[in-house]
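> Provided herewith is a single structure, encoded as structure tokens, for subsequent inquiry.
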Amino acid sequence: MRRKRMKKTRRLHRSFIPNVATVFNMFLGFLAITLILNGEPIKAGWVMMVGVLFDVIDGKLARLLGLTSRFGTEFDSLADTISFCAVPSILIYSIYVEGLPNLLGAVISFMPLLFGTIRLAKFNIDTGDSPKPYFMGLTTPLAAITIISFMLYNYQMYGDMGDPRLALVLVAILSFLMVSPVRFSKFPLLSFKKGRSNNMQLAGLIIILLSIIFFRGLVLFPLMAVYIFWSITQWMLDHDRFEETAEPKP
5 MRRKRMKKTR RLHRSFIPNV ATVFNMFLGF LAITLILNGE PIKAGWVMMV
55 GVLFDVIDGK LARLLGLTSR FGTEFDSLAD TISFCAVPSI LIYSIYVEGL
105 PNLLGAVISF MPLLFGTIRL AKFNIDTGDS PKPYFMGLTT PLAAITIISF
155 MLYNYQMYGD MGDPRLALVL VAILSFLMVS PVRFSKFPLL SFKKGRSNNM
205 QLAGLIIILL SIIFFRGLVL FPLMAVYIFW SITQWMLDHD RFEETAEPKP
């Protein structure tokens, strides 16, 4: 009995570890909001890039330690709602809807928050037990990264935040992709012992991360655009192939 109690206590202590990463993710989201409100969206963008790292870390730690739980899932989703749904919406409203009627600007800015929250809710009620090599719909962190990287790319390349019209079109596309049936490939496992395909993807991911460190905003948005376009194209080809095989033969 005592041994069982000690084992349960150790598990509770260990479960605190991934939740700390979630708290950091949530705090960085809040910090980004304060920076946007203080007129520093570029700093907010880079803060959110760090937030994405903490979002990746908490999930990896939970699986590594065998500590996945309902609480951890819900807590992570609430943190993501702040960091990857609310932050992009506030960012859009603060720099891209100037000149639009107030209500229209608010509605467009609200889209990442609305569709991101719907996506997170759908993810939480997904009861599929077998892991899949893809996400159904664009994840909220990747949608947020794409919006933020658009701003960072234009700021580093041209010294401004980018064409508001393009930004708003991008917002609409990303919002609908979050709740779409399009399949987006997952990132590779963080191990070189998971097969040749995973090793090649992981090596590519490391090269990409290094290029982001050296070239910063210049490389991230083009990479995200290629990733999204490639995923949509692959999904359309696979969808057409499935329909062809499903058609009854005469």
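In our numbering, each number is its position in the sequence shown, counted from 1, plus 4. No residue lacks a Cβ here, since even glycine has one placed at the ideal position from N, Cα and C.
Using the beta-carbon count (16 or more within 10 Å), is Leu82 buried or exposed?
Counting Cβ neighbours within 10 Å, Leu82 comes out exposed, since fewer than 16 surround it.
> Please identify the residue among Ser179, Phe139, Leu65 whose C-alpha is closest to the C-alpha of Arg187.
Phe139
> Thinking C-beta only, is Asn23 closer than 8 angstroms to Asp59?
Their beta carbons are not under 8 angstroms apart, which means Asp59 does not touch Asn23 by this criterion.
> Take Ile152 as the anchor and find which of Gly103, Val175, Arg169, Gly141 has the nearest alpha-carbon.
Val175
> For Asp164, count neighbouring C-beta atoms within 10 Å of its own C-beta (all shown protein chains included) and say buried if the count is 16 or more, exposed if not.
exposed
> Could you compute how far the alpha carbon of Leu178 sits from the alpha carbon of Ala148?
9 angstroms
> If you count every other CB in all the chains shown that lies within 10 Å of the CB of Ala125, and 16 or more means buried, which is it?
exposed
> Between which two residues does the beta strand (DSSP E) containing Ser189 stretch?
187 to 189
> Using C-beta distances below 6 angstroms, list every residue in its chain close to Glu44, excluding the 5 sequence neighbours before and after it, in chain order.
none
> Would you say Ile122 and Val56 are within 8 angstroms of each other, going by their C-beta atoms?
no
> Could you check the C-alpha separation between Phe119 and Tyr159 for me, to the nearest Å?
27 angstroms
> For Met140, which of helix, strand or coil comes out of DSSP?
strand
> Of the choices Pro168, Phe180, Ile211, whose alpha-carbon is the least far from that of Ile232?
Phe180
> Quick check on Pro252: buried or exposed, where buried means 16 or more other Cβ atoms within 10 Å of its Cβ?
No answer about Pro252 holds up, because its pLDDT of 45 lies below 50 and its placement is not dependable.
> For Leu35, collect the residues of the same chain with a Cβ closer than 6 angstroms to its Cβ; drop the 5 residues on either side in sequence, then sort them by chain order.
Val51
> Determine the DSSP secondary structure at Ser98, reduced to helix, strand or coil.
Note: Ser98 maps to helix in three-state DSSP.
> Out of Gly63, Ile236, Asn128, point me to the one whose CA is closest to Ser189's CA.
Ile236
> Please report the residue range of the alpha helix (DSSP H) in which Phe119 lies.
106 to 128
> So, using beta-carbon positions, are Ile212 and Leu227 closer together than 8 angstroms?
yes
> Distance check for Thr85 and Gly63, CA to CA, integer angstroms please.
16 angstroms
> Quick check on Glu44: does DSSP put it in helix, strand or coil?
Reduced to three states, the DSSP call for Glu44 is coil.
> Report the option in Gln238, Ile46, Ile61, Asp130 whose CA atom is closest to the CA atom of Pro145.
Ile61
> Can you give the Cα-Cα distance for Thr249 and Tyr97, rounded to whole angstroms?
Bear in mind that a pLDDT of 48 at Thr249, under 50, signals an unreliable position, so the model cannot answer this.
> Any idea if Gly141 is buried or exposed, counting beta-carbon neighbours within 10 angstroms, 16 or more meaning buried?
buried
> Can you check whether the CB of Val91 is closer than 8 angstroms to the CB of Gly166?
no
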